[in-house]
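Chemist: The structure's right below; bear with me while I get my questions together.
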Amino acid sequence: MQRRVIAAIAAVLLAGVGAVLMFTYVSNADARAMAGQEPTDVLVVVAADGVPAGTLGKNLAPFVELKKLPRAAVAANALSNTVEIQDLATTTDLKQGEQVLASRFAKPDTDGGKKGDIPVPNDMQQISMVTESQRAVAGRIIPGDKIAINVTKGNQTAQVFRDVLVLRVDGGSTPDGAASGSSVMLTLALKPKDVRLLVASLQTAQLWIVLDAKNNDGSAEAPISLTLGKASQ
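Using my numbering, you'd call the opening residue of the sequence shown number 116 and step up by one each time.
Now the structure itself:
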């Protein structure tokens with residue numbers, strides 16, 4: 116009889132311990148599941164055309180938005196801001212819907228803070244041009260910048276090229292702002308049809324380069340054409 120009582124008590128104790136262990140396991144599983152669903156901020160590419168290779172982190176604003184995703188869906192090195200990649204460039208094209216990952220950015224190879232090859236985006240061609248520093252923002256252009264090119268022929272001036280990615284810079288100014296020469300060579304990324312237009316412009320017209328201006332929403336400003344001093348959109 117005594118053995119039966121002891122066995123019954125042991126069974127009750129074991130059942131109790133099992134219930135406690137099961138409750139603990141389920142609670143921890145629920146906690147893990149809830150943690151995986153916790154909303155987490157992450158930058159996501161929203162631009163229909165994506166982000167071209169060679170884009171600097173400081174120029175990402177027009178291409179991305181901060182979205183909330185479940186923590187379980189966020190990649191290991193996804194970014195919620197661009198603080199750590201301000202001066203880094205994308206090493207490949209980023210597609211619409213992608214999370215912005217720190218691993219997709221790298222510091223352009225530099226020489227005196229001025230030269231540095233940035234990968235040419237897909238479907239683009241590289242072309243180099245030499246111009247006087249005074250016609251290229253005093254030579255203060257660096258790889259990764261976006262520029263606009265004004266073309267003057269006769270009494271007409273038009274901003275023919277916009278949002279042109281600079282892949283490499285030779286000459287211009289040094290990192291401390293001192294002039295390093297009277298001319299600067301820029302290597303640009305252009306679509307094939309624009310390459311032909313740039314070559315024709317270099318041969319027949321005068322070119323002035325400006326750092327591309329943006330509206331408050333990050334979009335490119337409308338170009339302006341001038342004829343005999345009259346401006347029109």
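From the three backbone atoms N, C-alpha and C, an ideal C-beta is built for every residue, glycine too.
The structure presented is a predicted model; accordingly, all values stated were derived computationally and were not measured.
Check whether the Cβ atoms of Glu180 and Val198 lie closer than 7 Å to each other.
Modeler: At the C-beta level, Glu180 and Val198 stay beyond 7 Å of one another.
Chemist: Nearest CA to the CA of Ala188: which residue from Asp309, Arg219, Gly212?
Modeler: Gly212
Chemist: With a cut-off of 8 Å, do at least 3 Cβ pairs link the segment 245-262 to the segment 270-286?
Modeler: yes
Chemist: Between which residues of its own chain and Asn196 is the CB-CB distance below 6 Å, once the five residues before and five after are set aside?
Modeler: For Asn196, where only same-chain residues beyond five positions count, there are no Cβ hits under 6 Å.
Chemist: Go to Pro307, then tell me how far its alpha helix (DSSP H) extends in each direction, as first and last residue.
Modeler: Note, Pro307: alpha helix (DSSP H), 307-319.
Chemist: With burial defined as no fewer than 16 other Cβ atoms inside 10 Å of the residue's Cβ, what is the status of Gly269: buried or exposed?
Modeler: exposed
Chemist: At the level of alpha carbons, what is the spacing between Asp208 and Arg311?
Modeler: Linking Asp208 to Arg311 through their CA atoms gives a straight-line distance of about 24 Å.
Chemist: According to DSSP, what are the bridge partners of Lys183?
Modeler: Per DSSP, the beta bridge partners of Lys183 are Asp156.
Chemist: Roughly how far, in whole angstroms, is the beta-carbon of Ala193 from the beta-carbon of Ala221, given that I think they are within contact range, below 8 Å?
Modeler: Distance from Ala193 to Ala221 at the Cβ level is roughly 17 Å; contact not present, criterion being Cβ atoms closer than 8 Å.
Chemist: Is Gln249 helix, strand or coil by DSSP?
Modeler: helix
Chemist: Out of Asn237, Glu247, Lys182, state which residue places its alpha-carbon closest to the alpha-carbon of Ala215.
Modeler: According to the sequence as given, residue 215 is Val; it is not Ala. It is Lys182.
Chemist: Report the three-state DSSP secondary structure of Asn174 (helix, strand or coil).
Modeler: helix
Chemist: Going by DSSP, which residues form a beta bridge with Val166?
Modeler: Leu209
Chemist: Excluding the 5 residues preceding and the 5 following Thr170 in the sequence, name in chain order all residues of the same chain whose CB lies nearer than 6 Å to its CB.
Modeler: Thr205
Chemist: For Arg250, which residues in the same chain have their Cβ closer than 7 Å to its Cβ, ignoring the five residues on either side in sequence?
Modeler: Leu322, Trp323, Ile324
Chemist: Would Val299 be called buried (16 or more neighbouring beta carbons within 10 Å of its own) or exposed?
Modeler: buried
Chemist: State buried or exposed for Thr319, treating a residue as buried only when at least 16 other CB atoms are found within 10 Å of its CB.
Modeler: exposed
Chemist: Rounded to the nearest angstrom, what separates Gln271 and Ala315 at their Cα positions?
Modeler: 16 Å
Chemist: Take Ser218 and list the residues in its own chain whose beta-carbon comes closer than 6 Å to its own, dropping the five residues that flank it on each side.
Modeler: Asn192
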